[in-house]
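J.: I am attaching a structure below and will ask some questions about it afterwards.
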Amino acid sequence: MDKQALRERQLDLAQQVRIPQSSRQDLALNPGDWVFTTDVQYQGDIGAVAVDVLRWPKEPVGTVIKTYEVTVPYAPGFFAFREGPLLINALEDIAREFNRYPKVIITDGHGTNHPRQFGLACWLGVTTGYPVIGLAKDTLLPYTGELPPEQGAALPVLLDEKVVGHALRTRKNVKPVFVSAGHKVSQGIALETVKQLMGQYRNIEPMRRADQAARQAFRG
DNA sequence: GCGACAG
DNA sequence: ATCTTGTCGC
Ligand SMILES: [Mg+2]
328 MDKQALRERQ
338 LDLAQQVRIP
348 QSSRQDLALN
358 PGDWVFTTDV
368 QYQGDIGAVA
378 VDVLRWPKEP
388 VGTVIKTYEV
398 TVPYAPGFFA
408 FREGPLLINA
418 LEDIAREFNR
428 YPKVIITDGH
438 GTNHPRQFGL
448 ACWLGVTTGY
458 PVIGLAKDTL
468 LPYTGELPPE
478 QGAALPVLLD
488 EKVVGHALRT
498 RKNVKPVFVS
508 AGHKVSQGIA
518 LETVKQLMGQ
528 YRNIEPMRRA
538 DQAARQAFRG
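Every letter in the first sequence is one number past the one before it in our numbering, and letter 148, counting from 1, is 475.
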């Protein structure tokens with residue numbers, strides 16, 4: 328598939344994305360709910376997927392590591408087609424081996440903060456039906472305004488006057504991360520959920536663990 | 001045309 | 001993302 332065909336595929340699938348407008352249909356996390364956070368490390372054509380499992384709001388349960396072959400090259404704006412299938416594999420393996428299913432998933436990559444409002448978190452949500460939140464360290468779209476230096480400060484990211492995500496300062500005086508809804512969660516709840524997972528570092532706690540674990544897969 | 005880009 | 005340990009600075 329060429330770029331234009333992939334763009335059309337994204338625009339088509341984007342029709343299936345559901346971002347709740349009323350709190351009635353929004354994500355509601357209760358104590359003990361399962362939250363999965365994913366990250367992937369790449370080495371050649373191998374991808375090591377790490378899935379951090381936690382019970383809301385703060386109890387780390389463990390991290391699962393799985394490796395799969397990677398067949399799709401990276402291209403900005405089309406990241407979902409590369410990383411998405413690996414995440415599906417990992418979720419299927421976890422379901423089979425541990426009989427465990429997430430209430431929400433947090434991905435290392437954007438949701439609606441995307442030129443066609445269809446980043447990795449949207450793709451994963453539409454593909455699986457799970458609520459998904461996108462979390463990335465850089466943004467393709469600009470945010471305007473002066474982001475206060477304090478931890479917890481946030482500013483919206485706009486696309487055609489629509490809020491498609493937020494810049495969130497997870498640590499004082501450090502470059503923000505970017506939070507956006509992927510599927511079945513509002514921008515506001517996505518932001519609040521990530522805020523509650525902030526720790527001492529720029530990366531939220533579960534993403535740090537996933538990053539660390541995936542990295543570990545290629546060492547010893 | 002320039003620039004610049006999730007992982 | 002990867003190549004990669006110690007070192008510099010807030
Ligand atoms: Mg990553």
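Glycine included, every Cβ here is placed at the ideal spot set by N, Cα and C.
Please read all numbers here as calculations on a predicted model, not as lab measurements.
Could you tell me whether the region 391 to 402 touches the region 369 to 383, where touching means 3 or more Cβ pairs closer than 8 Å?
T.: Yes: the two stretches touch, three or more of their Cβ pairs being nearer than 8 Å.
J.: For ligand 1, is there a heavy atom less than 8 Å away from the beta-carbon of residue 465?
T.: For the purposes of this step, residue 465 is taken as the residue at position 138 of the first sequence. Not under cutoff, so the answer is no.
J.: Alpha carbon to alpha carbon, how far is residue 331 from residue 526? Give it in angstroms, no decimals.
T.: The residue given as residue 526 occupies position 199 in the first sequence. The residue given as residue 331 occupies position 4 in the first sequence. Looking at the two C-alpha atoms, the distance is approximately 40 Å.
J.: Buried or exposed: which applies to residue 439, given that a residue is buried once 16 or more other Cβ atoms fall within 10 Å of its Cβ?
T.: Here residue 439 is taken as the residue at index 112 of the first sequence, counted from 1. It is buried - the Cβ of residue 439 has at least 16 other Cβ atoms within 10 Å.
J.: Hey, would you say the C-beta of residue 367 is under 8 Å away from at least one heavy atom of ligand 1?
T.: Within the first sequence, numbered from 1, the residue matching residue 367 stands at position 40. Because some heavy atom of ligand 1 lies under 8 Å away, the Cβ of residue 367 counts as near it: yes.
J.: Mind reading off the beta-carbon distance from residue 302 to residue 476? Whole number of angstroms is fine, and I expect it under 8 Å.
T.: With the chain running from 328 to 547 in the structure shown, residue 302 is simply not present.
J.: Over the uninterrupted beta strand (DSSP E) stretch that includes residue 374, give me the two end residues.
T.: Numbered from its first residue, the first sequence carries residue 374 at position 47. Where residue 374 is concerned, the enclosing beta strand (DSSP E) stretches over 373 to 382.
J.: Check whether the region 418 to 430 touches the region 461 to 473, counting contact only when three or more Cβ pairs, one atom from each stretch, lie closer than 8 Å.
T.: Cβ pair count under 8 Å is below three, so no.
J.: From which residue to which residue does the alpha helix (DSSP H) around residue 396 run?
T.: Position 69 of the first sequence, counted from the first residue, corresponds to residue 396. Element bounds for residue 396: not the alpha helix (DSSP H) but the beta strand (DSSP E), 386 to 396.
J.: Going by beta carbon distance, what residues of the same chain come within less than 8 Å of residue 431, once the five residues before and after it are set aside?
T.: Working through the first sequence from its first residue, we reach residue 431 at position 104. Hits under 8 Å: 354, 356, 360, 362, 363, 457, 458, 459, 460, 512, 520.
J.: Counting only the same chain and skipping the five closest in sequence on each side, list residues whose C-beta sits under 6 Å from that of residue 497.
T.: Residue mapping note: residue 497 aligns to position 170 of the first sequence, counting from 1. For residue 497, where only same-chain residues beyond five positions count, the Cβ hits under 6 Å are 504, 525, 529.
J.: So, helix, strand or coil for residue 483, using DSSP?
T.: On the first sequence, position 156 is the one that residue 483 refers to. The answer is strand: DSSP assigns residue 483 an E or B state.
J.: Kindly identify the DSSP beta-bridge partner or partners of residue 505.
T.: The residue you call residue 505 lines up with position 178 of the first sequence. For residue 505, which the question treats as bridged, DSSP gives the partners 463, 494.
J.: In the DSSP assignment, find the alpha helix (DSSP H) that holds residue 406 and state where it starts and stops.
T.: Taking the first sequence and counting its residues from 1, the one referred to as residue 406 is at position 79. Note, residue 406: alpha helix (DSSP H), 406 to 425.
J.: For a test of the three-state rule: what should DSSP assign to residue 370, helix, strand or coil?
T.: As a working mapping, residue 370 is identified with position 43 in the first sequence. If DSSP states are grouped into helix, strand and coil, residue 370 belongs with the strands.
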